[in-house]
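These notes concern the structure reproduced below.
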Amino acid sequence: MANAVDIPGIAAADIPAIAFEAVSVTLGARPILQDINLVVGRGEFVCVVGSSGCGKTTLLRLIVGLIAPSVGQVRYGGRPVSGPANDIALIFQDYTKALLPWRTAYGNVSLALEARKVPRTQRPARIAELLRTVGLGQHADKFPGQLSGGMQQRLQIARCLAQGPSVLLMDEPFGALDAMTRQVLQDEVLRLARAGNASVLFVTHDLEEAIYLGDRVIALRPNPGRVARIFDVRLPRPRHQLTTREDPEFLHLRRELSDFIHETET
Amino acid sequence: MKGLVLPLALLAVAELCARTLGIASDTLAAPSQILAACWDVIADGTLPLRAGQTILAALGGLALGGGLGLVLAIMLGLSTPLRRLLRFPIETLRPIPSIATLPIMLMVYGFGYRMEIAIVSFACFWPVLIIGQAAISGIEPRLLEVSRVLGLDFFARVTKVVLPAALPRLFIAFRQAAAVSLIVAVTAEIAMNPQGLGYELMAAQSSLRPATMFAMLVYIGLIGWSLNALLLLVQKHLFGFAAGSQVSP
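Residue numbers (this note's numbering), protein chains in the order written: chain Z, 1 to 266; chain S, 1001 to 1249.
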């Protein structure tokens, strides 16, 4: 927890994992995000929805320090973000581009451990364990090009878990996958986030996915991107693909959320 | 095999002409005489000495110029401001024919390896810089983001992500530079430097030994061909994975 900071009088548990404080981002003359105030608690699962071009991805890039806010501040563990932190993991939607095609599945996971300077002798056992966790135990020697889309995204998740993240940022991770694979991976992400007690910020344009996964759903409004509304999801955990999706609360939220999104788009 | 029919036929015609017409020339030699000269230069140790000198100068220049070009290519490829800053100086210096630097290099280094290697490096620097920079700035930006988010330091980012990602195109840059290196080395030898195959070629010409002259030409071609074949072999070996990764499940 290199990034946790002890402020006298405040217990570490009270400091949110991520906090956006009046953040605006302008690229050239174009405003991308405007006055974002947002807090993600420790161990909280927050989903972000909104039409394309409302700055969802920018939100994530701010947290890992790939871009800096024009106005305001992003804090991670109470401390201003100045660059990538080694316990924040970012999972990209385009897994084909995010994996190293010249490294095997084993080698791709190894990259994260090499970055953390894990001693060479400790790597093989750790990598084998991570690949098993995401169900790729039998495919360690395959190159990304030899894996299906779902398997490639699992591999990217394994690589991110190798960072031992306390925050998982996911940028429409399952957008390119078929419905069956998507549901399986949704449950796995829920399980992994719970197991690692990680905070998750999950960007998606699938409203049902957002409700199914999240503790809260944040709806953004485009041009420029602003927080339009925050929905609390009071669905029991653990969630279940059939019963949760049949829950009256789920259906109610789905209706409310899609009405709202429809409204902002017209 | 069919490719050899025409060249062999032409050689036979040349041999026949030389014998029947009984040409005694200061500029031409019969293929059989050239073949004999090819053997003579091996037997008297001329070839190993001269070829060694040329190859050493070419490879030395390739390593030095290519190495410097690669370092600069990495820096320019990764930094857009630096690329903009250096675009003008590069575009101004690049068109200078490398052999035109010979008088300067001669003044600075005198005759010998250092002068020849300096000229060859100048020539090899540009293709590696230009092609290499394009290769590196063309890397999938997502990979660079991944390496930053994973927390790789700059050196690890270059060795583990940037260079492997650009390797196929970097290799093309080096193949191009390798071809240039031999041409420029031999040219420097023909023009000024008293060593190597180029010098031996000129010496044979000025002492009216056309068979030896052609023998040198044969060996220069042979060395150039072998160099390219060798690099192709390495390329095939190195990028075997590329073929493997394209197999779809």
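Think of the CB as a built atom: it goes at the ideal place given N, C-alpha and C, for glycine as much as any other residue. Computed from a predicted model, the values in this text were never measured in an experiment.
*Counting Cβ pairs, one atom from each stretch, are 3 or more of them under 8 Å apart for the segment 1162-1176 of chain S and the segment 1130-1138 of chain S?*
In the pairwise beta carbon analysis, the segment 1162-1176 of chain S is classified as touching the segment 1130-1138 of chain S: at least three pairs are separated by under 8 Å.
*Buried versus exposed, by CB contacts within 10 Å (16 or more), S/Leu1016*: Here residue 1016 of chain S is taken as the residue at index 16 of the second sequence, counted from 1. Its Cβ having fewer than 16 others within 10 Å, S/Leu1016 is exposed.
_Three CB pairs or more closer than 8 Å across the segment 1137-1145 of chain S and the segment 1198-1207 of chain S_ = Contact between the segment 1137-1145 of chain S and the segment 1198-1207 of chain S is absent, because fewer than three Cβ pairs lie under 8 Å.
_Beta-carbon proximity list for Z/Leu113, same chain, < 6 Å, skipping 5 on both sides_ = One-based indexing of the first sequence puts residue 113 of chain Z at position 113. Answer for Z/Leu113: Arg123, Ala162, listed in chain order.
*Output the distance between the C-alpha atoms of Z/Arg154 and Z/Ala105, rounded to the nearest integer angstrom.*
For the purposes of this step, residue 154 of chain Z is identified with residue 154 of the first sequence, where counting begins at 1. For the purposes of this step, residue 105 of chain Z is identified with residue 105 of the first sequence, where counting begins at 1. C-alpha of Z/Arg154 to C-alpha of Z/Ala105: approximately 10 Å in a straight line.
*Identify whether Z/Gln73 lies in helix, strand or coil by the three-state DSSP scheme.*
What you label residue 73 of chain Z is simply residue 73 of the first sequence in a count that begins at 1. Shown here, Z/Gln73 sits in a strand according to DSSP, grouped into three states.
*Cβ of Z/Val203 within 8 Å of Cβ of Z/Glu172?*
Position 203 of the first sequence, counted from the first residue, corresponds to residue 203 of chain Z. Position 172 of the first sequence, counted from the first residue, corresponds to residue 172 of chain Z. Against a cut-off of 8 Å, the Cβ pair of Z/Glu172 and Z/Val203 comes out as a contact.
*asked:* Assess contact between the segment 35-55 of chain Z and the segment 180-188 of chain Z, defined as three or more Cβ pairs (one per stretch) separated by less than 8 Å. Is contact present?
replied: Per the Cβ contact rule, the segment 35-55 of chain Z is not in contact with the segment 180-188 of chain Z (fewer than 3 Cβ pairs under 8 Å).
*Which residues mark the beginning and the end of the alpha helix (DSSP H) in which Z/Asn108 is found?*
As a first step, residue 108 of chain Z must be located in the first sequence, where it is residue number 108. Where Z/Asn108 is concerned, the enclosing alpha helix (DSSP H) stretches over 105-115.
*Is Z/Ala210 closer than 8 Å to Z/Arg260 when the C-beta atoms are compared?*
For the purposes of this step, residue 260 of chain Z is taken as the residue at position 260 of the first sequence. For the purposes of this step, residue 210 of chain Z is taken as the residue at position 210 of the first sequence. In the sequence on display, residue 260 of chain Z carries Phe and not Arg. Taking 8 Å as the Cβ cut-off, Z/Phe260 and Z/Ala210 do not qualify as a contacting pair.
*Partner residues on chain S for Z/Leu66, Cβ-Cβ distance less than 9 Å*: To locate residue 66 of chain Z, count along the first sequence from 1; it is residue 66. What Z/Leu66 touches in chain S: Glu1145, Arg1148, Val1149.
_Less than 8 Å between the beta carbons of Z/Leu235 and Z/Val200, yes or no?_
The count along the first sequence starts at 1 and reaches residue 235 of chain Z at position 235. The count along the first sequence starts at 1 and reaches residue 200 of chain Z at position 200. Contact flag unset, no.
*Can you tell which of S/Gly1065, S/Gln1033, S/Thr1020, S/Leu1059 has the C-alpha that lies nearest to the C-alpha of S/Val1218?*
Translated into the one-based positions of the second sequence, residue 1218 of chain S becomes position 218. For S/Val1218, the nearest C-alpha among the options comes from S/Gln1033.
*What whole-angstrom Cβ distance do S/Ala1177 and S/Leu1062 have, given they're in contact under 8 Å?*
Taking the first residue of the second sequence as 1, we reach residue 1177 of chain S at position 177. Taking the first residue of the second sequence as 1, we reach residue 1062 of chain S at position 62. That belief holds up - the Cβ atoms of S/Ala1177 and S/Leu1062 are roughly 6 Å apart, short of 8 Å.
*How is the beta strand (DSSP E) around Z/Phe202 delimited, first residue to last?*
Translated into the one-based positions of the first sequence, residue 202 of chain Z becomes position 202. First-last of the beta strand (DSSP E) with Z/Phe202: 199-203.
*Tell me, please, which residues DSSP counts as bridged to Z/Pro80.*
Counted from its first residue, the first sequence places residue 80 of chain Z at position 80. According to DSSP, Z/Pro80 bridges with Z/Arg75.
_On a Cα-Cα basis, can you pick out the residue from Z/Phe231, Z/Pro16, Z/Ala128 that is closest to Z/Glu208?_
Locating residue 208 of chain Z in the first sequence gives position 208, counting from the first residue. It is Z/Phe231 whose Cα lies nearest to the Cα of Z/Glu208.
_Closer than 8 Å to chain S by CB, Z/Ala125_ = Numbered from 1 along the first sequence, position 125 holds the residue referred to as residue 125 of chain Z. Not an interface residue.
*Under 8 Å from the C-beta of S/Glu1140: neighbouring residues of chain Z*: Along the second sequence, one-based indexing puts residue 1140 of chain S at 140. Chain Z residues near S/Glu1140: Lys97.
*For the beta strand (DSSP E) containing Z/Ile230, list its first residue and its last residue.*
The sequence position of residue 230 of chain Z within the first sequence is 230, counting from 1. Residues 226-232.
_Tell me the rounded alpha-carbon separation between Z/Val217 and S/Val1162._
The residue you call residue 217 of chain Z lines up with position 217 of the first sequence. The residue you call residue 1162 of chain S lines up with position 162 of the second sequence. Straight-line Cα distance between these residues: approximately 38 Å.
*Near S/Leu1070, which residues of its chain fall below 6 Å by C-beta distance, leaving aside the five closest residues on each side in sequence?*
In the second sequence, counting from the first residue as 1, residue 1070 of chain S sits at position 70. Excluding residues within five positions, the ones whose Cβ falls inside 6 Å are Val1128, Gly1132.
*If you compare alpha carbons, which of S/Ile1223, S/Ala1211, S/Ala1156 is closest to S/Cys1038?*
Within the second sequence, numbered from 1, the residue matching residue 1038 of chain S stands at position 38. S/Cys1038 has its Cα closest to that of S/Ala1211, out of S/Ile1223, S/Ala1211, S/Ala1156.
_Near-chain S residues of the segment 75-99 of chain Z (beta-carbon distance less than 7 Å), N- to C-terminal order_ = Going along the segment 75-99 of chain Z in chain order, one finds Pro84, Asn86, Leu90, Phe92, Asp94, Lys97, Ala98 with a Cβ nearer than 7 Å to chain S.
*Express the C-alpha separation of Z/Ser148 and Z/Arg239 in angstroms, rounding to a whole number.*
Taking the first sequence and counting its residues from 1, one reaches residue 239 of chain Z at position 239. Taking the first sequence and counting its residues from 1, one reaches residue 148 of chain Z at position 148. Between the C-alpha atoms of Z/Arg239 and Z/Ser148 there is a straight-line separation of about 27 Å.
*By Cβ distance below 7 Å, which residues in the same chain neighbour S/Thr1046 in space, the five residues on each side in sequence not counted?*
Residue numbering aside, residue 1046 of chain S sits at position 46 when the second sequence is read from its first letter. Glu1200.
*Taking C-beta to C-beta, are Z/Pro16 and Z/Gly41 nearer than 8 Å?*
Locating residue 16 of chain Z in the first sequence gives position 16, where the first residue counts as 1. Locating residue 41 of chain Z in the first sequence gives position 41, where the first residue counts as 1. Z/Pro16 places its beta carbon less than 8 Å from that of Z/Gly41.
*chain S contact residues for Z/Glu114, given Cβ-Cβ distances below 9 Å*: Taking the first sequence and counting its residues from 1, the one referred to as residue 114 of chain Z is at position 114. Those within 9 Å of Z/Glu114 in chain S are Leu1150, Leu1152, Ala1156, Lys1160.
*Hey, out of Z/Ala68, Z/Thr96, Z/Arg103, Z/Arg116, whose CA is closest to Z/Ala89's CA?*
On the first sequence, residue 89 of chain Z is found 89 positions in, with the first residue counted as 1. Distance check between Z/Ala89 and each of Z/Ala68, Z/Thr96, Z/Arg103, Z/Arg116 places Z/Arg116 closest, using alpha-carbon atoms only.
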